[in-house]
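Student: I'd like to ask you about the structure that follows.
Residue numbers (our numbering): 1 to 205.
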């Protein structure tokens with residue numbers, strides 16, 4: 001009951017009354033929302049992992065937006081469209097793959113957005129998060145991780161694993177052990193998928 005209430009409250013906050021009480025489509029997103037999407041900061045990988053779970057790919061250095069709600073509207077849309085809409089995902093769960101390699105400064109850490117990010121994932125959307133894998137090579141993430149752990153709450157915290165450092169050759173085998181094969185991962189991680197978010201958006205307009 002509480003999750004249902006929080007779902008509708010956050011959806012109204014993010015989309016406004018006009019869109020809150022119906023299914024949101026790509027056409028409901030404005031130019032700033034889509035500009036946020038085209039930065040490749042967040043999307044759902046096209047293929048499921050070996051356990052039939054959806055894999056949400058996040059790259060925080062590319063979380064670029066005009067307003068926080070631009071990112072939250074895109075996030076809400078892509079999770080409902082590409083994860084919630086699939087019956088197998090409802091049953092098998094979702095994995096968050098946070099690939100945060102590259103330069104990252106403390107000024108890029110948006111505490112308010114992070115808080116709403118985890119509130120949406122953990123308290124509002126009816127998704128079963130089975131694992132969170134966080135890869136990074138910047139020491140800044142060591143500093144902000146305790147704040148993230150506090151924000152995500154006990155259930156998500158129990159599923160959170162960090163992989164600090166730049167030993168990239170060890171990452172693919174680790175993910176393979178968790179059921180996430182090289183074939184579904186984006187090329188930037190050493191995988192084989194070359195998903196084009198710009199083409200995906202244009203095809204659905």
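Glycine included, every Cβ here is placed at the ideal spot set by N, Cα and C. Remember, predicted model here, so these are calculated numbers, not experimental data.
Which residue from 95, 110, 103 puts its Cα closest to that of residue 72?
Tutor: Answer by Cα proximity: 110.
Student: May I have a chain-ordered list of the alpha helix (DSSP H) segments no shorter than 4 residues that lie completely inside the stretch 3-49?
Tutor: 17-20, 31-37
Student: Using a Cβ-Cβ cut-off of 6 Å (strictly less than) and excluding sequence neighbours within five positions of residue 175, which residues of its own chain qualify?
Tutor: none
Student: Kindly give me the distance between the Cβ atoms of residue 146 and residue 102, rounded to whole angstroms, as I take these residues to be in contact under 8 Å.
Tutor: Not confirmed; about 21 Å, so no contact.
Student: Which same chain residues end up closer than 6 Å to residue 74 when comparing Cβ atoms and leaving out the 5 residues on each side of it in sequence?
Tutor: 33, 36, 37
Student: What are the boundary residues of the alpha helix (DSSP H) that includes residue 119?
Tutor: Unbroken alpha helix (DSSP H) run through residue 119: 111-119.
Student: Around the C-beta of residue 11, are 16 or more other C-beta atoms found within 10 angstroms, so that it is buried, or is it exposed?
Tutor: buried
Student: Between which residues of its own chain and residue 128 is the CB-CB distance below 7 Å, once the five residues before and five after are set aside?
Tutor: 93, 94
Student: What does the alpha-carbon distance come out to for the pair residue 162 and residue 133?
Tutor: 6 Å
Student: Measuring CB to CB, does residue 83 end up less than 8 Å from residue 51?
Tutor: no
Student: Contact defined as beta carbons within less than 8 Å: I believe residue 24 pairs with residue 104. What is the distance between those atoms, to the nearest angstrom?
Tutor: In fact, because the Cβ distance is near 30 Å, the residues do not count as touching under 8 Å.
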